[in-house]
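>
Residue numbers (my numbering): 761 to 1174.
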């Protein structure tokens, strides 16, 4: 008995980021005709920007630690990563001649630290395999007959497809195509969508003009952050951050941004405590603070005895006040180990690294197909999950694109 042969079908992939490209690669390998539609003039623009300072492709964390980075979505995202994890991503990149290495922080980078060679090689290979690219096609929803509708430089275009993968990113980079405009047409179809909100973001703090004007752009390193999660449990992490004119940002802040954001949303306020001198105990600081100043200013005393100067010294005065030197040594030592800042709000969504919220995972089956729109799949950052920077975002986008692509193949086979 012969095996039935399924005819090739036409599949539309909407979005040219890693999730969309991976879905296109997967579906095309199964022999289906693939058309990829990109709103901008070329695919992968956010991917290129992400790699501008050195493409952080993935992370070398053990699998259980890696999966835990996805917080309340760890189970669902972990299932995608079971098919395509960090080591698989490194092996895949090596197929383009892009070798990778593990940095001191455990992050994984291409040896040349560039995104462009990988993206160029990927797009070239997809075109050689027959994937058709259509740029400057901005998806606006569906026609009454179910056709996909696009705004193009030549007017409205409509496309019929046997299956569709939506991979249009979140809402944090509108100039690069991730503008969240897909929310309205999906919501109009009754798809359950969690509101988009900032992730991997900085926070506003009400600095005095004096501090802001003199310290904006100054790096704080190293420091240890202490904060409470939604469950009231204390968390601690060492890292680096940067004072900005509006408040504070940087890799350390991004790592705890979800907790600060959610506490602000629930309680209306939140505290972030910084250990400015993590290499010294409070008792050591107190001993040094008790030493005679010998006529020196308090700021000079801090510099000589504690090694505290620059932005860290300025931040201490910003929080304790200009008369900080008149306070008891015990108060100063405690503040140096737990300097309390009061973030007011996350930065606006259109200037943050990524967004949380999106199509709720409950609206999708295990293949990432929308339960209420059979044949339509979603992948990447437009889904309701989030992760800190460090390669976790990219890895899950790749993995979700693979999952959606395989789901398309299964759907068409049925």
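No residue lacks a Cβ here, since even glycine has one placed at the ideal position from N, Cα and C.
The structure presented is a predicted model; accordingly, all values stated were derived computationally and were not measured.
Relative to the alpha-carbon of residue 812, which residue among 869, 788, 853 has its alpha-carbon at the smallest distance?
Of the candidates 869, 788, 853, the one whose C-alpha sits nearest the C-alpha of residue 812 is 869.
> From which residue to which residue does the beta strand (DSSP E) around residue 1138 run?
Looking at the DSSP string, the run of the beta strand (DSSP E) that includes residue 1138 is 1136 to 1138.
> Run through DSSP, which three-state label would residue 1112 get?
Residue state, collapsed to three classes: coil.
> Run through DSSP, which three-state label would residue 1169 get?
DSSP places residue 1169 in helix when its eight states are reduced to three.
> Use the C-beta contact count for residue 805: other C-beta atoms within 10 angstroms, 16 or more gives buried, fewer gives exposed.
Buried, because 16 or more other Cβ atoms sit within 10 Å of the Cβ of residue 805.
> Residues in the same chain with beta-carbon distance under 7 Å from residue 1032, minus the five sequence neighbours each way, listed in chain order, please.
Correct list, in chain order: 985, 987, 1020, 1101, 1103.
> Determine, using beta carbons only, whether residue 1120 and residue 953 come nearer to each other than 8 Å.
The answer is yes: Cβ separation under 8 Å.
> Closest to residue 1064 by C-alpha separation, out of 1048, 966, 1018, 1090, would be which residue?
Selected option, being the one with the closest Cα: 1048.
> What span of residues does the alpha helix (DSSP H) with residue 837 cover, start to end?
Note, residue 837: alpha helix (DSSP H), 834 to 841.
> Looking at the secondary structure, which residues open and close the beta strand (DSSP E) in which residue 791 lies?
Neither: residue 791 is in no beta strand (DSSP E) and is coded neither H nor E.
> Using CA atoms only, rank isn't needed, just tell me which of 1105, 1044, 1152, 980 is closest to residue 1027.
The shortest Cα separation from residue 1027 among 1105, 1044, 1152, 980 belongs to 1105.
> DSSP three-state call for residue 959: helix, strand or coil?
Note: residue 959 maps to strand in three-state DSSP.
> If you follow the alpha helix (DSSP H) that residue 1074 is in, where does it begin and where does it stop?
1070 to 1080 is the span of the alpha helix (DSSP H), which, as asked, contains residue 1074.
> By DSSP's criteria, residue 867 is part of a beta bridge. Which residues make up the other side?
The partner list for residue 867 (beta bridge, DSSP) reads 819.
> Drop a sphere of 10 angstroms on the beta-carbon of residue 1177, count the other beta-carbons inside from all chains shown, and report buried for 16 or more, exposed for fewer.
Past the edges of the chain, shown from 761 to 1174, lies residue 1177, and the structure says nothing about it.
> Where do the N-terminal and C-terminal ends of the beta strand (DSSP E) with residue 737 fall, by residue?
The structure shown does not extend to residue 737, since the chain is modelled only from 761 through 1174, so no value can be given for it.
> With distances taken from CA atoms, which of 1015, 927, 824 is nearest residue 1113?
Residue 1015 is the option with its Cα nearest to residue 1113.
> Residue 845: buried (16+ other C-beta within 10 angstroms of its C-beta) or exposed?
Looking at its Cβ environment, which holds 16 or more other Cβ atoms inside 10 Å, residue 845 is buried.
> Taking the beta carbon of residue 1165 as the centre, do at least 16 other beta carbons fall within 10 Å, making it buried, or is it exposed?
Classification for residue 1165: buried.
> Helix or strand or just coil, what does DSSP make of residue 1050?
Looking at residue 1050 - three-state DSSP - the assignment turns out to be coil, as it is neither helix nor strand.
> Given a threshold of 16 other Cβ atoms within 10 Å of its Cβ, counted over all protein chains shown, does residue 1051 qualify as buried or as exposed?
Answer is exposed; the Cβ neighbour count stays below 16.
> Under 8 Å, do residue 959 and residue 1018 count as touching if we go by C-beta distance?
Yes, Cβ-Cβ distance for residue 959 and residue 1018 is below 8 Å.
> If you draw a straight line from the alpha carbon of residue 764 to that of residue 1173, how long is it in whole angstroms?
Any reading at residue 764 is ruled out, since the residue's pLDDT is 39, under 50, leaving its predicted position unreliable.
> Give the range of the alpha helix (DSSP H) segment to which residue 879 is assigned.
Element bounds for residue 879: 876 to 888.
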